Amino acid sequence: MAPGQGRGHKMRKALVVFFGVVLGLLAAAPALADKAESQAWFETLSEQDRSGVQYDLVLLGHFRFIIDRQFGENTYQAIVDFQRSQGMDETGVLTPEERQTLFDLSDVVYKRLGLTDTTDNVGRSSLVLPAALLTEVTPYNNGNSYATADGGIILETLVTPQTELSFAELFASYNATQAGLEVTDASYNTRRFVISGTRNGREFYTLYENAGTESVGYSLSWTVEHAADAQIIKIFIASYFVPLKFLSTPETDKAAASAGNSFGVWSLPAEAPQVIALNGEIGSTLVADFDKAIAARPEAQVLLLNSPGGYVDDALVVARKVKDRGMSTLVGQGMGCYSACSYIFFAGVNRSVAGELGVHQISAEVADLVLAQTTLADVLSALDDFQVAQPIITVMLQTTPEKMYIFTADEVATLGIARGEAIEVATIAPPVEQQPANTNPGVTNPGFLQPNGTTPGWGQTSTPAAGGSTPAGEAYVMLAWRESQTEADRSLKYAKDMFAGAIGSAQPEVATSEGAAGTIYG
199 MAPGQGRGHK
209 MRKALVVFFG
219 VVLGLLAAAP
229 ALADKAESQA
239 WFETLSEQDR
249 SGVQYDLVLL
259 GHFRFIIDRQ
269 FGENTYQAIV
279 DFQRSQGMDE
289 TGVLTPEERQ
299 TLFDLSDVVY
309 KRLGLTDTTD
319 NVGRSSLVLP
329 AALLTEVTPY
339 NNGNSYATAD
349 GGIILETLVT
359 PQTELSFAEL
369 FASYNATQAG
379 LEVTDASYNT
389 RRFVISGTRN
399 GREFYTLYEN
409 AGTESVGYSL
419 SWTVEHAADA
429 QIIKIFIASY
439 FVPLKFLSTP
449 ETDKAAASAG
459 NSFGVWSLPA
469 EAPQVIALNG
479 EIGSTLVADF
489 DKAIAARPEA
499 QVLLLNSPGG
509 YVDDALVVAR
519 KVKDRGMSTL
529 VGQGMGCYSA
539 CSYIFFAGVN
549 RSVAGELGVH
559 QISAEVADLV
569 LAQTTLADVL
579 SALDDFQVAQ
589 PIITVMLQTT
599 PEKMYIFTAD
609 EVATLGIARG
619 EAIEVATIAP
629 PVEQQPANTN
639 PGVTNPGFLQ
649 PNGTTPGWGQ
659 TSTPAAGGST
669 PAGEAYVMLA
679 WRESQTEADR
689 SLKYAKDMFA
699 GAIGSAQPEV
709 ATSEGAAGTI
719 YG
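Numbering (the working numbering), first residue to last: 199 to 720.
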């Protein structure tokens, strides 16, 4: 049995990892480790082995973020931390012997917890359960309750029909002032909300997904004595939790394949056999559906992009796959590729824009650390790998999340946005019935073809500034936060060294703010 495979392997391979997140947590690199070599090694691993390494690092408490198989600052630091804990050379590269040690040590924790991929039909969700630990199972409202024998850890699956409470009303009810409740983090968007803090002396973490007609989620709570196990469980549930509505069944996969040609928001246009088309919002099944589309059309060379954006981390995973496969990307006439969709576009070996390409900052939707795997550092690293020019990144960093910067035809040509050979495909119009619902009240869905063939635009568009590609005025982007001036200064130096090319003339600096827990340095 190879290290990083074996137990839990089927679960890691089969389930979908998602959550768009936005905190940049930067730290100084250990003197003996070489991040570039670490990344090069990690990316030679199969996707199963990448997942296995992160999986095992979570079990040992070194990796405290979403398991996504992607190399970033957090994965790098976790590998080095593990090596340090075992007295190994802190190279950031695991030898076969070190991988075996990692596997053996984590296997003890894995077996003690009994991590099992579980379908909770009552709670309308698929999730990972520590079945050996949460042995007490009872019905709970519209879901189930899973608890340790002493009640020290309790997991509740939750379903709320939106005929009873809208998604926004549900969030407000959880975030309302209550006796014995202290909310330390509360974040909301129209797809997901997270609330965490303490309730009657117990820490808790609650997450809900908007599943259309119902809100599906879970709440995990624990006592201080169970905090270590709870933190591990928290990460695994966050990594693998999916409402059943978002999971395809073998029957629907078979039907989609026989019908022609639809895998979630991906489709296989019959009139363009070399093309795979993205038409819709980037959501929690994007990566799994992309893999199915590739399996159905393995010789495809072109991605046709038409999306308002969505989950950043899923977009980055697909973007890496696009780069690895050497595919070309095209925003077709009358189509739009915005926000997270642009990361997929920039991954193309050849790139062409006939419609609209729009970018902006990552919006700070989720502030909880367990969801902070996709950092600004990961985005900048990907854009650097895709050879995106610094002026484009500057525009992205300076356009606030509530706006969208649409590149002009001149900018597409002069900034190197379009590159390589011209991309020609048959005329393809995205089906009207596949257009996603508007999830941003007051803003029209961008880039989706209307009956007359025109695009409605974003509604909050930042137009190109006169004389160049940089929006006017100053802009500030949070790269990281730290708890001391010393740590902040160290991270500042790291940021300047790491992102000198990407941030151009921008000047990283340390600012302070006062919060309930004291001074925070950002």
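Ideal placement from N, C-alpha and C gives every residue a C-beta, glycine not left out. The structure displayed is predicted, hence computed values, not measured ones.
Separation of the CB atoms of G556 and Y536 is rounded to 4 Å, and the pair is thereby assigned contact status at 8 Å. Contact between N340 and L327 does not hold, since the beta-carbon distance rounds to 18 Å and is not under 8 Å. Sorting T382, Q585, F605 and L466 by C-alpha distance to the C-alpha of V593 places F605 at the top.
When C-alpha distances from T299 are compared across G285, G350 and Q472, the shortest belongs to G285. Exclusion of the five residues before and after W420 leaves G350, I351, R400, E401 and A428 as the residues of its chain whose Cβ lies within less than 7 Å of its Cβ. Listed in chain order, the beta strand (DSSP E) runs fully inside the segment 544-621 are 549-551, 554-557 and 602-604, counting runs of at least 3 residues. Relative to S413, the option among A426, T388 and S437 whose CA is nearest is T388. A Cβ-Cβ contact shorter than 8 Å links R262 with I433. About 22 Å separates the beta carbons of F488 and S323, which is beyond the 8 Å limit, so they are not a contact pair. In the DSSP assignment, the residues bridged to E401 are T396 and W420. At least 8 Å separates the beta-carbon of L257 from that of V320. Contact annotation: Y541 and L514 have beta-carbon atoms nearer than 8 Å. With fewer than three CB-CB distances shorter than 8 Å, the segment 285-297 does not count as touching the segment 308-318. For I430, the uninterrupted alpha helix (DSSP H) run begins and ends at A425 to Y438, by DSSP. Your pair L466 and A493 does not check out as a contact, with CB atoms roughly 11 Å apart and the cut at 8 Å. V577 is the residue among V577, Q531, G534 and Q559 whose C-alpha sits nearest the C-alpha of A545.
A direct Cα-Cα distance of roughly 48 Å separates T358 from E288. Within its own chain, the residues whose Cβ lies closer than 6 Å to the Cβ of T336, once the five positions on either side in sequence are excluded, are S343, listed in chain order. The DSSP-derived three-state label of N339 is coil.
Y509 sits in coil when the DSSP states are folded into three classes, being neither helix nor strand. T358 carries a strand assignment under DSSP once its states are collapsed to helix, strand and coil. Secondary-structure assignment with DSSP links E469 through no beta bridge to anything. Three or more Cβ pairs drawn from the segment 263-278 and the segment 238-253 lie within less than 8 Å of each other, which places the two stretches in contact.
In the DSSP annotation of this structure, S537 is not part of any beta strand (DSSP E), being labelled neither H nor E. Membership of S371 in the alpha helix (DSSP H) is indicated by the continuous run F365 to N373. Using a Cβ distance threshold of 8 Å, P441 and E407 count as a contacting pair.
Ranking I435, S505, V500 and A620 by CA distance to the CA of G462 puts S505 first. Taking C-beta separations shorter than 7 Å and ignoring five residues to either side along the sequence, the partners of Q499 in its chain run Q472, M525 and S526, following chain order. Check the Cα spacing between N272 and each of Q237, A426 and L303: the tightest is with Q237. Beta-carbon to beta-carbon, Y416 and E354 are separated by about 6 Å, close enough to satisfy the 8 Å threshold. If you look at E288, you'll find it isn't in any beta strand (DSSP E); DSSP assigns it neither H nor E. Residue state for P294 is assigned as helix, using DSSP reduced to three classes. Counting other Cβ atoms within 10 Å of its Cβ, Q596 reaches 16 or more and is therefore classed as buried. Note: W239 is not bridge-paired with any residue in the DSSP secondary-structure output.
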